[in-house]
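Q: Okay, here's the structure, questions in a sec.
In mature numbering (1 follows the signal peptide of the UniProt record, and there is no 0), the protein residues as written are -23 to -1, 1 to 540.
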């Protein structure tokens, strides 16, 4: 779903009022970390393992684990502002990989004034305890093929008979997950209960003290799940430890501390986004593959295709491996594509093929081919993400067919079940009791934070709806500001370019300036099915200084990559 964004230069639009928060002093490197090489191709980066306690709440448990950290040092050391910790979401995404790929763009955007810090959260990728459920990546791929990516085959109309079938499907999937859980526990043991967000927030505190010293506030950017982590960070740590915190695609922290997944919440905007896709496609002419169709035609054809695939799944024979297309496959393709308007043209092409009876493009995106070489590669800690959200939730919370039916009927008949497998925590019994769950409340008294949190959200987000950001804004009072991208479609503000949002972001991170208005509305400049390139957009910065133009271009390059 995800990853990182860069921003624009300060005070571009004079119509937006700011309240100034005093800038941080320049920082020196007080690191006690032994930085070393990151290997070939990463000459500008530094890497290290930082040792942290496995259990922050049990002093008698002396076990320590290593967190893998990547740093791209600031280039403007005279005006250095400290470190900026990046969490790209997931949960289970690798911060180190994000910094390797996009760190240069981010540091250019931020005028070289931050050390850009990427880390793999505990349990993920190169950090301990490594959550490995399979001997190799091939075995993981085979499991994914057998379980069809844990998708549900559901038509567009939810009848009583469909509900009965949904219960049967869910029972089968729960059995598969229970089997997977036992296999994971056999390989990982009780480490499964130590990778929750409360522990990760404390890891950030430990890493920050090791890298910058104990008195330097933490600066943080978190997307999607990273927003849940950021909200725990400001709750757990003393206010003096909190610097500039940006969270995008806001997760409801209260709900996720009870339920790993709540479809009635997450899919609130999904139907609106699908309708937005259809409306924009219908008006895009040849730029959308579904030519000569009205938006009503598109939605109607999606529904009839889902119904056809539900009742009569289709064998796909031209992939080089056996596969079957059903409604669950098409639903998964649509859900993934709604994360960014940049993938809407691809979705239109997949749908055009499906409407013509060709389901190969859809299946290949959900069930890609397996490679024999993957038998020599370790698995990718994919299920760490599920274990993280289950650690954060109550052990009594379990996803039921009734929850999904309500979401399908009330929110979206096409996509109301999306990401449901995150809620099957009852089938991961060895996660509990969690040793890394935050048991406190959310919200801060006014004037707690020196610098308010900067929150961002699109108006229409497929899995972290705007209502989450509004609820968090109320929780944190004047300790937070919200930027809402009007008519913005996709997962997080980073999913579409808004020059207004970007200049506010840079002003915040470089100068500590926050919008005076608690809830600021920004327009989106990147429209669906309309070409948007770095070169054409950069031309609009003629007249600005070279540093600003370079920062602007760096930002656009990150966004154009469709994180």
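Built from N, CA and C at the ideal position, the CB exists for glycine as well.
Thinking just about the alpha-carbon of each residue, which of 395, 38 and 335 is nearest to the one in residue 295?
A: Answer by Cα proximity: 335.
Q: Output the boundary residues of the beta strand (DSSP E) element that contains residue 59.
A: Where residue 59 is concerned, the enclosing beta strand (DSSP E) stretches over 59 to 64.
Q: With three or more beta-carbon pairs closer than 8 Å as the criterion, would you say the stretch 295 to 306 touches the stretch 108 to 115?
A: No: the two stretches stay apart, fewer than three of their Cβ pairs being nearer than 8 Å.
Q: Please go through the same chain and pick out, in chain order, the residues whose beta-carbon is closer than 6 Å to the beta-carbon of residue 167, but skip the five residues on each side of it.
A: Excluding residues within five positions, none has a Cβ falling inside 6 Å.
Q: Quick check: what's the CA-CA separation for residue 381 versus residue 441?
A: C-alpha separation (whole angstroms): 17 Å.
Q: Any idea which residues DSSP pairs residue 437 with across the strands?
A: In the DSSP output, where bridge partners are listed per residue, residue 437 has 466.
Q: Closer than 8 Å, CB to CB, is residue 217 near chain B or not?
A: Included in the structure is just one protein chain, with no chain B present.
Q: If you draw a straight line from the alpha carbon of residue 105 to that of residue 223, how long is it in whole angstroms?
A: Approximately 26 Å, taken between the alpha carbons.
Q: Please state whether DSSP places residue 300 in a helix, a strand or coil.
A: Strand, per DSSP.
Q: Please name the residue in 45, 209, 331 and 60 whose C-alpha comes closest to that of residue 51.
A: Of 45, 209, 331 and 60, the residue nearest in Cα terms is 60.
Q: Pick from 343, 455 and 63: whose alpha carbon is nearest that of residue 202?
A: Among 343, 455 and 63, the Cα nearest to that of residue 202 is on 63.
Q: Over the uninterrupted beta strand (DSSP E) stretch that includes residue 96, give me the two end residues.
A: 91 to 96 is the extent of the beta strand (DSSP E) around residue 96.
Q: Considering only residues of the stretch 473 to 510, which uninterrupted alpha helix (DSSP H) runs meet the minimum length of 4 residues and lie entirely inside it, listed in chain order?
A: List check, alpha helix (DSSP H) in window: 476 to 488.
Q: Assign residue 163 to buried or exposed, taking buried as 16 or more other Cβ atoms, counted over all protein chains shown, within 10 Å of its Cβ.
A: Result: exposed.
Q: Using the Cα positions of residue 353 and residue 77, report the straight-line distance between them to the nearest angstrom.
A: About 24 Å.
Q: Under the three-state reduction of DSSP, which class applies to residue 367: helix, strand or coil?
A: Residue state, collapsed to three classes: helix.
Q: Report the three-state DSSP secondary structure of residue 245 (helix, strand or coil).
A: Note: residue 245 maps to coil in three-state DSSP.
Q: I'd like the list of long-range same chain contacts for residue 273, defined as Cβ closer than 6 Å, with 5 residues on each side in sequence excluded.
A: Cβ neighbours of residue 273 beyond the five flanking positions: none.
Q: Here's a check: name, in chain order, each residue in its chain whose Cβ is nearer than 6 Å to the Cβ of residue 98, leaving out the five neighbours to either side.
A: Cβ within range, chain order: 177.
Q: Could you pull out every unbroken alpha helix (DSSP H) segment of at least 4 residues lying fully inside the stretch 169 to 236, listed in chain order?
A: Those alpha helix (DSSP H) runs which fall completely within the stretch 169 to 236 and span 4+ residues are 174 to 189, 202 to 213 and 230 to 233.
Q: Given that a residue counts as buried once 16 or more other Cβ atoms are within 10 Å of its Cβ, and exposed if not, what is residue 462?
A: Flag for residue 462 reads buried.
Q: Would you tell me roughly how many angstroms separate the C-alpha atoms of residue 152 and residue 404, rounded to the nearest one?
A: Taking the straight line joining both Cα atoms gives about 8 Å.
Q: Inspect the CB distances between the stretch 466 to 484 and the stretch 261 to 281 and report whether three or more fall short of 8 Å.
A: Contact between the stretch 466 to 484 and the stretch 261 to 281 is absent, because fewer than three Cβ pairs lie under 8 Å.
Q: Where residue 158 and residue 368 are concerned, what is the direct C-alpha to C-alpha distance, given to the nearest angstrom?
A: Each residue's alpha carbon lies about 14 Å from the other.
Q: First and last residue of the alpha helix (DSSP H) that includes residue 85?
A: Element bounds for residue 85: 72 to 86.
Q: Just to confirm before moving on: does the CB-CB distance between residue 424 and residue 455 stay below 8 Å?
A: Yes, these two residues count as a Cβ contact at 8 Å.
Q: Give the single residue among 123, 148, 132 and 35 whose Cα lies nearest to the Cα of residue 286.
A: Of the candidates 123, 148, 132 and 35, the one whose C-alpha sits nearest the C-alpha of residue 286 is 132.
Q: Just verifying my parser: in three-state terms, what is the DSSP assignment at residue 418?
A: Three-state DSSP puts residue 418 in coil, outside helix and strand.
Q: To the nearest angstrom, how far is it from the Cα of residue -11 to the Cα of residue 253?
A: In this prediction, residue -11 scores a pLDDT of 22, lower than 50, which makes its location untrustworthy; the coordinate-derived value is nonetheless stated afterwards. The alpha-carbon atoms of residue -11 and residue 253 are separated by roughly 28 Å.
Q: Just the C-alpha distance for residue 485 and residue 458, rounded to the nearest angstrom, thanks.
A: Computed Cα separation, rounded: 11 Å.
Q: Rounded to whole angstroms, what is the Cα-Cα separation between residue 6 and residue 91?
A: Per-residue confidence for residue 6 stands at a pLDDT of 49, beneath the threshold of 50, marking its modelled position as unreliable; no derived number is given.
Q: By the DSSP assignment, the beta strand (DSSP E) with residue 43 in it spans what residues?
A: It spans 41 to 49 - the beta strand (DSSP E) in which residue 43 sits, taken as one unbroken run.
Q: So, residue 257 versus residue 96, is the Cβ gap smaller than 8 Å?
A: No, these two residues do not count as a Cβ contact at 8 Å.
Q: Suppose you measure from the CA of residue 436 to the CA of residue 85; what does that come to, to the nearest Å?
A: The straight-line gap from Cα to Cα measures roughly 29 Å.
Q: Going straight from the alpha carbon of residue 544 to that of residue 199, what length do you get?
A: For residue 544 there is no data in the structure shown, the boundaries of the chain being -23 and 540.
Q: Kindly indicate which three-state DSSP category residue 430 falls into: helix, strand or coil?
A: In this structure, residue 430 counts as strand in the three-state DSSP scheme.
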